[in-house]
Structure formats: structure tokens, C-alpha cells
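There are 2 protein chains.
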Amino acid sequence: MAKQAREIRLKSRPVGMPEAANFEVVTVELKDPGPGEVLVRNGWMSVDPYMRGRMYDRPSYVPPFALGEALQGGAVGTVVKSNDPNFAAGDLVESNLGWREAFVSTGAPLTKLAGGVPPQAYLGVLGMPGMTAYTSFHRIGDPKPGNVVFVSGAGGAVGSTVCQIAKIRECTVVASAGSDEKLDWLKSVGVDEVVNYKKGNLLENVRKAAPKGIDIYFDNVGGEHLEVALEVARPWARFIECGMISVYNDKEPSPGPRNMPYIVGKRIKMQGFIVFDFIDMREQFITEMTQWVKDGRIKWQETIENGIENAPKAFLTLFSGGNAGKMLVKLD
Amino acid sequence: MAKQAREIRLKSRPVGMPEAANFEVVTVELKDPGPGEVLVRNGWMSVDPYMRGRMYDRPSYVPPFALGEALQGGAVGTVVKSNDPNFAAGDLVESNLGWREAFVSTGAPLTKLAGGVPPQAYLGVLGMPGMTAYTSFHRIGDPKPGNVVFVSGAGGAVGSTVCQIAKIRECTVVASAGSDEKLDWLKSVGVDEVVNYKKGNLLENVRKAAPKGIDIYFDNVGGEHLEVALEVARPWARFIECGMISVYNDKEPSPGPRNMPYIVGKRIKMQGFIVFDFIDMREQFITEMTQWVKDGRIKWQETIENGIENAPKAFLTLFSGGNAGKMLVKLD
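Quick note, the sequences are listed as chains A and B, same order. In case it helps, UniProt numbering puts the first sequence at residues 1 to 332. In case it helps, UniProt numbering puts the second sequence at residues 1 to 332.
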């Protein structure tokens, strides 16, 4: 293990769409781990859409990233040297100290992982995206067999997991994504109807795919999709508001849906959440999802960039829709 | 009792703001009540914002009003003659057959009223508006002592009741209405802070009135108020979506709030409802509200038009904000 490691820092706050110039690669010296500290070499790091929010300097549920400091995010790594009795060299661990090749843990939460699945699964279906999908779909969506579920951003890590959980729960699933390749994969894992939002009129296409309307909308994108979902919603529909990637990079706030009064008339419940709100479901999630993965009932796709220097590129890919499934950066 | 009675029919569907020409007064012959039928003379009828929705010819939770037929709505009347063993002459009854001076009930639901309060209270605090306020505030709003509650359209029948229930539940109440007279009355019944939405910048004024933000938003108006509520909402705020009167008469759909992503980031729950959804709370509502009325803990204002011919005028008043409290038409 070199005594140096590279990390990605936020050089300037993006205005609108982030670009490579907002980031910089910096090489830092790693000190030896002191008493109670652990040296970890990251093997995989995650890039996720929510990170865009932390690049704004504004109050939110997590503090903004600081300029000139390394970014943060999910990472899976291996313990190189440990002065903490809870960890030993060779342990597989998860942390929120991604965006760097290695780090000395000085009190930041570090979770030992069971293994038995590919390590990067802990950043996907068995990690934050999987838990986001699992907890909110059950807690807010309240799915019933026969419900029609509409998922936007269905090609991504969260969306593709929601689609498959909804099938396990005996729902009819309509998925929207921006490429036929993503949609073909979704069909291959059991999705009933697919809509390419880049082709033709979104409302007409969703109406065709869900002629009887929808009971649950899992929203990853906001914007036009949200308006369409309000339009086709059945009475008492549940809208799981996971993200609105379509507007994250707006320089000026975009107007919301023109059909908001449907919330009243159709008695819609629209609810936002953060995955940590459902932390009480963590054990249930891990148990059930691990079984589904082992049984081959939940599958996933990965899009991988290699090397810390390509982490900003991987992050930008999320907003062009270039990733199929979980977007990852392989660091070792 | 004359054998004739006047009724108000929908002559044409309003485009945008309704006007007098959309309605007509027609005199009809009343047949004698047959076996099992009841002749009722209405004493009071209600006009409510939701009726605007039924004037559109579109699918909704209730069928649209038919052109050339009498409108419908809450009414309190007295039984004149009864061939139904459940009713006797002189009984005070509630029906959905307002917009007419008298009617022969042929199977339409008729509810005998207990009395002991002014009869028109059954169209207000003890009727549909009161039940709308009571049920949704508790079921969706989930109020806790110390919560800050923001009520738009607070001068109306529903809004003014919500304000007082919120005070009983030990919340801090910020009320918005369009006239200082309405706001003075609201302060007189215990509302903590008031905002006249016609004066100055709404967002700034609400921020001043609720410097720590809001936990519950009771929405009667939609539009700019909804955007402001999203802006000042605290994490986990509950939005009770009762109505959006500000957009009911739009000829073209208006854009929604520009800050919809707050639903995600602040984990807001926004939920629409119809009073019938909470019918299981009816007994609890009647019991508690009757007590509050008798104890003087819930007060109300009325704005009264006299004579069936003025019912359309009373209805139009709802959209100009000309009513203080419950808008009623006195028919006898």
C-alpha cells in the first residue's frame, strides 16, 4: 500500500449541469492509523444522483459538500491495517468515504460486510439504492397484488430494483427509461410494459402502457413524468417521491405540474422521503433482499468506470442517462 | 305549502369564472308524495367551492351536474308531509337536494337532525365543511402540540374551523385570507398570526408570521400559497390538500409550484382527500364538535343571501372571496 492516495475534491460549485472542471484530483499523504483507527483501501465507490444536491450551498437534510475538500459517498473497501479491535486486516467494509482511493478512518462509521455476494452489490441492491427502493416501495407505496406501478428512471439502480420488487409483490409494472437497451433489459427481468420517454408523446405512451391508470408512481425524475403520472393516476394513488433528477440541474426553478388539482380530486398521496427515515426496516430489507439475490429473483446491471480520476465522469453520466443500472467506479 | 317550487338549473357550463348567465331559475310543479315518499321544504341551502368541479363535464369522484337539471348540494329543511314511517311532519332534515325550495324525496338520502343548535349549523361546523376540517386535520395532519399550522382560505367555512381545531390541539396557527375583516375575526377566535394575501409579498409575510417554518399546511387555495408553503415547510411537514380554489376557474391549466423538489428533500407528505373518505370518523366528529360548539370553543361566521333566486350570486361570491365564514342561502 502506497503512503499516498488520490481523492476527488469539489473545486467549484456547478451552476446548472455539473462539468469536469468542477472537480479536481489531488494526491494526499496517508498518515499511519493511530490508536483505534483503521486504514482502508477502497475497491469500489458509488456515484448517485442525490450527490448533486449536496453540491449546492443551501440548507438541506445533509450539509453541503465543502469547496476544496474531498467529496463523500458510499464505498466498499478492504481493511489494510487496523488498530481497532472490531476490524482486522482483510475485512470487507463499507463507509461513506468514497471519492478517495484510501483513507484512515478516524471515527467515521465503518460497517463490516458479510460477503458471499460480489462486493459492489453493497453499493447497489444490498446497499443504499436497494434499501431506498425496498423501504419506500413498501412503506409509502403500500402495494397490493394487481396494483399497476409506474416507475420512472427505471433503468437506474433504484428504479430497476423497484420494478423487480413490484413484480415479486404481484403488481403490473410499467417502466420508463431513455434507451431501448435499458428497456429490453427491464423486460428480460419481468417488467410488463415499457416506455422510452425520448420517443413520441410521453402521456400517450404511458396511457397505452397503462390503459386502466396507475395505483403507485415511483418518481425518480419529476418534471413531465410527474405531470403524466398525475394525469393517469387512479383514485387513492400513492406517489413515492424518491427524486427529481430532471430538475436537479435547472439554473432557474422549473414550473411544477399543471394538473396539481388532481391531488385533491383523485385523493392522491404524494410523499417524499430519505432512506434514513426507514432505518427501522433495515434488518428486514437485508434478510429479504439477500434471499432474493441468492434466488435470482432480483438482478442488476452495472456500468463501471475504472480509476478514481474517472469518478467525475461517472457522476456526470447519471445526468445524461448513460448508465444502465448501478453506476460504479472501480478503484483497485 | 304551494304546489309549486322554484329551483336553480345549470343552463350552460361555465368557461373560466362562472357567471349569472350559466344558471336559470325555473318553477316546477310539486307532485304529492307517494307511498314511502316525503315532502320537504328547504329552509337553508349551502354553496361550496367543490361545486365548481361538478360544473365541468369530466370524470371525477362525483358525476358532473347535468345541463338543464337542478343542481345539487347540502340543504336543511322541514318535513311538510311524510308517507315514510321514519319521518313525521315538522322533522328537521338534511339532504343533498339543495338549489330548490322544496322537493319530494324519492329515495334520496334524508337524515333526521337532532336540533338544539341553529339549523344552518348542519351546513357549516356540524355539516360537511366541519367534518372536512375535523377529519382531515386529524387523519392527514397528525397534529402535535406545538406544531405550526398554516391555513390558507382561512376566512371560509372549512378554513376557519381548521384554525380553531388547531388551537384546541395546542398548535400555533398562521392564517391567510384576503381581507382584514376576516383576519380580525380570526384573531378574535385565537389565531396567532394572520397574513392578508392581497397585501405585499406573500412569501415574505408568511416567513415573518412563521419564522421557524410550518409543520402542517391546510390547503384550500393551491397556486402561489402552495409554493409558499413548500418554501417554508419544515422536514416531515404534512400538506392537507383540501382544495385549490385559486385555479378552479382557470381556462388554461396553470403551472404548479416551482419548488416541487422540496417534497423529496424535506420529506413532505401531500395528501388529497374527499370528506367521504373519513366517514368512519363521523360519530367522533359529531360528538366532539357538538360539545365544542356548546362550550363556545368553536365559533363561526355566516354570510347569508336571501331567496333561491340569489343562490347563483351566493355561489359566485365564493370565488371573489366576498363571504366571511360559511356562505348560505336562506330559503324560507
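Positions of the beta carbon are idealized from the N, C-alpha and C atoms, including for glycine.
Check                                                                                                             : Outcome
Same chain, Cβ closer than 8 Å to A:Gly-186, neighbours up to 5 away in sequence not counted                      : Note on residue identity: the sequence assigns Leu, not Gly, to residue 186 of chain A. Once the five neighbours on either side are set aside, the close Cβ partners of A:Leu-186 are Ala-154, Gly-155, Ser-160, Cys-163, Ala-175, Ala-177, Val-194.
Status (buried if at least 16 other CB within 10 Å, exposed otherwise) for B:Ala-20                               : exposed
B:Gln-271 at chain A interface by Cβ criterion, 8 Å                                                               : yes
Contacts of A:Tyr-61 in chain B (Cβ-Cβ under 8 Å)                                                                 : Pro-235, Gly-265, Lys-266, Arg-267
Contact list for B:Val-247 against chain A, beta-carbon separation under 8 Å                                      : Met-260, Pro-261
Extent of the continuous alpha helix (DSSP H) run through A:Ser-136                                               : 128-139
Beta carbon of B:Tyr-217 nearer than 8 Å to that of B:Ala-229                                                     : yes
A:Gly-223, DSSP secondary structure in three states                                                               : helix
Local conformation of B:Gln-301 per DSSP, three classes                                                           : coil
A:Phe-150 (DSSP reduced to helix, strand or coil)                                                                 : strand
Closest Cα partner of A:Arg-9 within the set A:Gly-16, A:Lys-3, A:Arg-54, A:Glu-288                               : A:Arg-54
Contact list for B:Gly-256 against chain A, beta-carbon separation under 7 Å                                      : Pro-255, Gly-256, Pro-257, Arg-258, Met-260
Neighbour flag for B:Cys-171 against chain A, beta carbons, 8 Å                                                   : no
Three CB pairs or more closer than 8 Å across the region 307-324 of chain A and the region 82-96 of chain B       : no
B:Ala-177 - DSSP class collapsed to helix/strand/coil                                                             : strand
Length of the line joining the Cα atoms of A:Gly-213 and A:Leu-92                                                 : 45 Å
Nearest-angstrom beta carbon gap, A:Lys-266 and A:Ala-237 [assumed within contact, 8 Å]                           : 6 Å
Proximity test, Cβ basis, 8 Å: B:Cys-163 and chain A                                                              : no
Chain B contact residues for A:Glu-241, given Cβ-Cβ distances below 7 Å                                           : Ile-263, Val-264
Cβ separation of B:Asn-249 and B:Met-45, assumed to be a contact under 8 Å, to the nearest whole Å                : That belief does not hold up - the Cβ atoms of B:Asn-249 and B:Met-45 are roughly 22 Å apart, past 8 Å.
Residue-level contact to chain A via CB, B:Phe-319, 8 Å cutoff                                                    : no
Contacting positions in the region 271-290 of chain B - beta carbon closer than 9 Å to chain A                    : Gln-271, Gly-272, Phe-273, Ile-274, Asp-277
N-terminal and C-terminal residue of the beta strand (DSSP E) that A:Trp-292 is part of                           : Looking at the DSSP string, A:Trp-292 is not in any beta strand (DSSP E); the run it does join, the alpha helix (DSSP H), is 282-294.
Members of the region 46-60 of chain A near chain B, C-beta cut-off 8 Å                                           : Gly-53, Ser-60
C-beta neighbour in chain A for B:Gly-43, strict 8 Å                                                              : no
Other residues of its chain near A:Tyr-50: CB distance less than 8 Å, five sequence neighbours each side excluded : Gly-243
With 16 other Cβ atoms within 10 Å as the buried cut-off, status of B:Thr-111                                     : exposed
A:Ala-5, DSSP secondary structure in three states                                                                 : strand
CB of A:Leu-247 within 8 Å of CB of B:Pro-235, strictly                                                           : Reading the sequence as shown, one finds Val at residue 247 of chain A and not Leu. Taking 8 Å as the Cβ cut-off, A:Val-247 and B:Pro-235 do not qualify as a contacting pair.
Contacting positions in the region 109-142 of chain B - beta carbon closer than 7 Å to chain D                    : No chain D is part of this structure, whose protein chains are labelled A and B.
B:Gly-213 at chain A interface by Cβ criterion, 8 Å                                                               : no
Cα-Cα separation, B:Leu-328 to B:Lys-313                                                                          : 11 Å
Short CB-CB distance (under 8 Å) between A:Gly-222 and chain B                                                    : yes
Reduced DSSP category for B:Ala-229 - H, G, I as helix; E, B as strand; rest coil                                 : helix
Cutoff 8 Å: B:Met-17 Cβ touching any chain A Cβ                                                                   : no
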